[in-house]
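The block underneath contains the structure these notes are about, expressed in structure tokens.
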Amino acid sequence: MDTPESIFIGAGERPQHLLLKYANRHGLIAGATGTGKTVTLQVLAEGFSRAGVPVFLSDIKGDLAGLSQTGTPSPGFDERAAKIGLGDIGYQASPVTFWDLFGEQGHPVRTTISEMGPLLLSRLLDLSEAQEGVLSIVFEIADREGLLLLDLSDLQALLTFAAENSKEISSTYGNVTSASVGAIQRKLLTLRQQGGENFFGEPALQLSEFMRTTWDGRGYVNILAADKLMATPQLYATFLLWLLSELFEELPEVGDPQKPKLVFFFDEAHLLFDDAPKALVDRIESVVRLIRSKGVGIYFVTQNPIDLPDRVLGQLGNRVQHALRAFTPRDQRVVKSAAETFRANPAFTVSETITQLGVGEALVSPLEAKGVPGIVERALIRPPASRMGPITRDERLEIIAKSPVGTRYDNAVDRESAYEILKKRGDEAARESAEEREKAEKSPARRVSTRQSAGAAFGTSFLRSIASALGRAIVPLILTFIGAKAAGGRSTTRTASASSSRQSVGEAFGKSVARSIGTSVGKQISRGVLGSLSKGIK
Ligand SMILES: Nc1ncnc2c1ncn2[C@@H]1O[C@H](COP(=O)(O)OP(=O)(O)O)[C@@H](O)[C@H]1O
Ligand SMILES: [Mg+2]
């Protein structure tokens, strides 16, 4: 049985509970295919929902959609329940919101190029180191000028500009070759063909949508349809990373709460780390470490625990290890190292038991009082209260129609209004950036701003050349910028509206032209750990 402080997961010699208080110290669900990982995930998601904790998970095979329906009693379930001392399975549907990057099986999810940032985009496009360098430069220029990029077309336009002005850019920022730019452009094209452009645009997802509870205090389970998405594992992994980084940037510090604010399940978690450059792994590692104090628990689901980097694995406190096979020497090594991560139980040898576990049975070790790993126990996992397996199209449509998200995201907005929305968020990131700079300037260890002035000077010429790249009509807007810079001195803390008479001319017909490449907040914008826009909400 659940208690007010814990979720019941199953029982062996003793009942096993996941303590809500330590649920933000992350977790791991591992095991070979068909051993019960998905059902364990379902059981945990239901438990969190009952405890009032919203959940996010991805549904790779469509079999987690059943969370939205009441379970069907079966003799097998009754038998299992009896064995583990669960008097009442309590069949019940969980409150579910469906999401889908392609907008077919749930509410669409979108973000913008500016918000995703160079680090994750490089990963998404699978760029080489040199290409990644070029993309970072392009973003640095855009960020410094407060130029916002909405979708793939904006990025393409900026890349074209960079190629045409590579000489000038290279001398200030670093090497930009047309070969690299060409390669990035080709990869953008592939991404487009894979349907990636659905994902970039407005209205972008508001994370508060994921934090909902029902009127009777149950947490919503947010299910991302990922069957089609898995055809492009790079897009899948980058999308989830972007979500993590947004959560990290937006949520306030809460220390160690009585229960998590949100629990995030990362299925097929090895995809995050396959061929990931060290820099990215480092960032992921720090986000995982730091997000805990924002009340977010992350549960990685994967076949072999050694698919995850040690430093990440070491942070996953609550563990459920399903059966592993031990046919090959490699298998045996995996079993051995998985066994070593548990606090031993004198009653059995962990490495032997791992290979003998039945379906829906696992070695369980949740964190105990004071956050210490519990002695590992062999336990039968409880049957889920919601339906195990997929749902029909009609059942899905009914849930979507009733969803509190409504029609807010159903249609992409046109580029004009999309920029308006994006600009608002860009303004926030710019304000944050300006505040930080002000703080830095007040501090005694202030750095001399030679580099900045070089940058500002370049910025001016950069804008001039953008103007020539885009045609004459943009010139007035550019002049507005330059005017602001001249008048402001410390241009980054001023807005374009703070300056000279030339601006009114600029405003008259410049702005809409600027939109052919992006819109501008007129100020430098800043980025967080994984490179998404920092939001300044602390
Ligand atoms: N806790 C459980 N209670 C009842 N049946 C279970 C449980 N765990 C697994 N099963 C059975 O095992 C099957 C495979 O489990 P699943 O979670 O899909 O495996 P995996 O995700 O590891 O491939 C399920 O369809 C179900 O029939
Ligand atoms: Mg599964």
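The sequence shown runs contiguously to residue 539 in this note's numbering. Note that CB positions come from ideal geometry on N, CA and C, so glycine has one too. Because the structure is a prediction, the values reported are computed rather than measured.
- Message: If I follow the unbroken alpha helix (DSSP H) through P204, where does it start and stop?
- Response: Taken as a continuous stretch (DSSP letters only), P204 belongs to no alpha helix (DSSP H), as it is neither H nor E.
- Query: Taking the alpha helix (DSSP H) that W243 falls in, what are its first and last residues?
  - Reply: P234 to E251
- Message: Considering Cα atoms alone, identify which of A402, D415, G532 and M389 is closest to E47.
- Response: M389
- Message: Quick check on the burial criterion: 16 or more other C-beta atoms within 10 angstroms. Buried or exposed for Q200?
- Response: Before going further, note that residue 200 is Phe rather than Gln in the sequence given. Per the 10 Å Cβ criterion, buried.
- Can you give me the start and stop residues for the beta strand (DSSP E) that F267 sits inside? L263 to F267
- Item | Pocket of ligand 1 defined by Cβ to heavy atom distance under 5 Å | T34, G35, T36, G37, K38, T39, V40, V360, G361, I382 and P384
- Query: Does the beta carbon of K262 fall short of 7 Å from some heavy atom of ligand 2?
  - Reply: no
- Runs of alpha helix (DSSP H) lying entirely within the segment 38-102, each at least 4 residues, in chain order: 38-51 and 76-84
- Query: Tell me the DSSP bridge mates of Y300?
  - Reply: G28 and F266
- So Q186 is in the alpha helix (DSSP H); what residue range does that whole segment cover? S179 to Q194
- C-beta atoms of L364 and I85 nearer than 8 Å: no
- Message: When you compare the CB positions of V302 and S246, do they come within less than 8 Å of one another, or not?
- Response: no
- Message: If I measure Cβ to Cβ from G218 and keep anything under 8 Å in the same chain, skipping five residues before and after, which residues do I get?
- Response: G53
- Message: When you compare the CB positions of R111 and L21, do they come within less than 8 Å of one another, or not?
- Response: no
- L42 beta carbon less than 8 Å from that of I30: yes
- Just the Cα atoms here: how many angstroms apart are T178 and R145? 21 Å
- Message: Mapping the DSSP letters down to three states, classify P310 as helix, strand or coil.
- Response: coil
- Residues bridged to S404 by DSSP? According to DSSP, S404 bridges with nothing at all.
- Going by the CB atoms, is the gap between R51 and D3 shorter than 8 Å? yes
- Query: Within this structure, are the beta carbons of V56 and N223 separated by less than 8 Å?
  - Reply: yes
- To the nearest angstrom, how far is it from the Cα of E105 to the Cα of E251? 27 Å
- Residues in its own chain within less than 6 Å of A280 by CB, not counting five upstream and five downstream? none
- Query: Excluding sequence positions up to five away, which residues of its chain have a Cβ less than 7 Å from the Cβ of G472?
  - Reply: Confidence at G472 is low in this model, with a pLDDT of 35, below 50, so the placement of that residue should be treated as unreliable; the coordinate-derived value is given next. So the list is empty, once near-sequence residues are dropped.
- Message: Using a Cβ-based criterion (distance less than 7 Å to any ligand heavy atom), does K62 qualify as near ligand 2?
- Response: yes
- Note down the Cα distance separating F99 from G175, rounded to an integer number of angstroms. 44 Å
- Query: Near A509, what residues of its chain come up, given a Cβ to Cβ distance below 6 Å and the 5 sequence neighbours on each side ignored?
  - Reply: Reliability fails at A509, whose pLDDT of 24 lies under 50, so the model's placement of it is uncertain and the value that follows must be treated cautiously. So the list is empty, once near-sequence residues are dropped.
- S466 versus E165 - alpha carbon distance: With a pLDDT of only 41 at S466, under the threshold of 50, the placement of this residue in the model should not be trusted, and no figure is reported.
- Task: Measure the alpha-carbon distance for I114 versus Y237 and round it to whole angstroms.
- Result: 16 Å
- Rounded to the nearest angstrom, how far is the Cβ of E116 from that of A413, given a contact under 8 Å? Not confirmed; about 15 Å, so no contact.
- Please classify R344: is it buried, with 16 or more other beta-carbons within 10 angstroms of its beta-carbon, or exposed? exposed
- Item | Cβ neighbours of T354 in the same chain (closer than 7 Å, five flanking residues each side left out) | L364 and R379
- Do the segment 254-267 and the segment 118-125 touch if we need at least three Cβ pairs shorter than 8 Å? no
- How is the alpha helix (DSSP H) around I382 delimited, first residue to last? First-last for I382: E378 to I382, but that is the beta strand (DSSP E), not the alpha helix (DSSP H).
- Query: Buried or exposed: F328, going by 16 or more other Cβ atoms within 10 Å of its Cβ?
  - Reply: exposed
- Message: By the DSSP assignment, the alpha helix (DSSP H) with F9 in it spans what residues?
- Response: Premise fails: F9 lies in the beta strand (DSSP E), S7 to A12, not in any alpha helix (DSSP H).
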